[in-house]
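Reviewing the structure listed below.
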Amino acid sequence: KMNADITGHLIVLYCKELRNDFWKVLETHKNQKDILAVSVSALWFSYQDLLEHVGCKNGLMNYFAALIFIAPCQYQEILEDVFKSFVVNSLDESVTRLSERNNEVFQFWSQLNDMNLMYGFNSTVSAVFHEVLDVCMKRFGDGNYDTPVLSSLLKWQKTFVHLLSHPQDKSLIKTDKAIMFGNEIIDMTYLHRRASDLYDIITEYPDSICATMEIRSALVRTGRQDEFAHLVRSILQQRLLHAGANT
Numbered sequence: 002k003m004n005a006d007i008t009g010h011l012i013v014l015y016c017k018e019l020r021n022d023f024w025k026v027l028e029t030h031k032n033q034k035d036i037l038a039v040s041v042s043a044l045w046f047s048y049q050d051l052l053e054h055v056g057c058k059n060g061l062m063n064y065f066a067a068l069i070f071i072a073p074c075q076y077q078e079i080l081e082d083v084f085k086s087f088v089v090n091s092l093d094e095s096v097t098r099l100s101e102r103n104n105e106v107f108q109f110w111s112q113l114n115d116m117n118l119m120y121g122f123n124s125t126v127s128a129v130f131h132e133v134l135d136v137c138m139k140r141f142g143d144g145n146y147d148t149p150v151l152s153s154l155l156k157w158q159k160t161f162v163h164l165l166s167h168p169q170d171k172s173l174i175k176t177d178k179a180i181m182f183g184n185e186i187i188d189m190t191y192l193h194r195r196a197s198d199l200y201d202i203i204t205e206y207p208d209s210i211c212a213t214m215e216i217r218s219a220l221v222r223t224g225r226q227d228e229f230a231h232l233v234r235s236i237l238q239q240r241l242l243h244a245g246a247n248t
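According to this note's numbering, the residues represented by the sequence shown are 2 to 248, in order.
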């Protein structure tokens, strides 16, 4: 019994050490490309080594997962920053490079699932999606009224959802992902951004006809004409409050 108690105590200390190292690496190198995947992979190999020597997979897996996510409040922010950097970096990668990521992404989610850590990423993934969507809208759309923007956003959306795909969670791809990351979210983000730009779009017409047609298409798909009109009216009223505004 004494040996068992000592072994159990050592396992607890080792798990805590793994947790602390995991946090430290993420916080120190959060702007480094792919650091999240590398950190999770290193954690997974340590976890597998622990299983090999200790056994009792189910009990250890639940304890390990709980211990990892007993984290300081800033941990969630660190996780979001790291994952956001990972996704933003994917914006500049070629189709070939994104294709090469298939095995990396598959391994990443598989390792998280093995360690029972998937549940900790739900809110993070959703928050990152909306933040990076705003980044994409600024990058593709700011001042750009004469070339398609929605198609670029939808292309990025497919890339993002692909980065979330993993073998243990096929049902989520069809249900929650369709709700959280579906086309309507893209359309509404586009419409909200274009509502702020509408005065400039009108001023530059007919050069801005592409933006005009995309606004129309997004409104038809979402059925949010009244909401869009109210938003535009509110923005124009605020514009009139500024000295020298010409609306």
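For every residue, glycine included, the Cβ atom is placed at its ideal position computed from N, Cα and C.
Since this is a predicted model, take the numbers as computed values, not measurements.
Give me, in chain order, the residues of the same chain whose beta-carbon lies closer than 7 angstroms to that of VAL209; leave out the 5 immediate sequence neighbours on both sides. Per the sequence presented here, residue 209 reads as Ser, with Val not at that position. Closer than 7 angstroms at the Cβ level, and outside the excluded window around SER209, lie TYR146, ASP147, ILE202.
- request: Quick one: using the 10 Å Cβ neighbour count with 16 as the cut-off for buried, is LEU256 buried or exposed?
  value: Residue 256 is absent from the model: the chain starts at 2 and stops at 248.
List the endpoints of the continuous alpha helix (DSSP H) containing SER235.
226-241
TODO: Label LYS85 either buried or exposed according to how many other C-beta atoms from any shown protein chain fall within 10 Å of its C-beta, with 16 as the threshold for buried.
DONE: buried
> Can you give the Cα-Cα distance for TYR15 and SER111, rounded to whole angstroms?
Replying inline: 23 angstroms
Counting along the chain, where does the alpha helix (DSSP H) carrying SER218 start and finish?
210-223
- Could you tell me the distance, in whole angstroms, from the CA atom of SER47 to the CA atom of LYS17? 12 angstroms
Worksheet entry | Exposed unless 16 or more other CB atoms sit within 10 angstroms - verdict on SER127 | exposed
Mind checking GLY144: buried by the 16 CB within 10 Å criterion, or exposed? exposed
Of the residues LEU19, LYS25, VAL26, THR29, which one's Cα is nearest the Cα of TRP1? Absent from the model: residue 1. The displayed extent of the chain is 2 to 248, so no value can be given.
- When you compare only the Cα positions, how much space is there between ARG240 and SER197? 10 angstroms
With burial defined as no fewer than 16 other Cβ atoms inside 10 Å of the residue's Cβ, what is the status of ARG234: buried or exposed? exposed
| So which of MET189, ARG140, GLY142, LEU134 has the shortest CA-CA distance to GLY159? | Residue identity check: residue 159 is Lys in the sequence provided, not Gly. Of the candidates MET189, ARG140, GLY142, LEU134, the one whose C-alpha sits nearest the C-alpha of LYS159 is LEU134.
inquiry  = Looking at GLN226: is its Cβ nearer than 8 angstroms to the Cβ of LEU232?
reply    = no
If you draw a straight line from the C-alpha of PHE41 to the C-alpha of GLU205, how long is it? For clarity, residue 41 is Val in the given sequence; the question names Phe instead. Approximately 49 angstroms, taken between the alpha carbons.
GLU18 (DSSP reduced to helix, strand or coil)
helix
Distance between THR190 and ILE236 (C-alpha atoms, nearest Å)
16 angstroms
Proximity to PRO149 [Cα-Cα], best of THR223, ALA212, HIS131
ALA212
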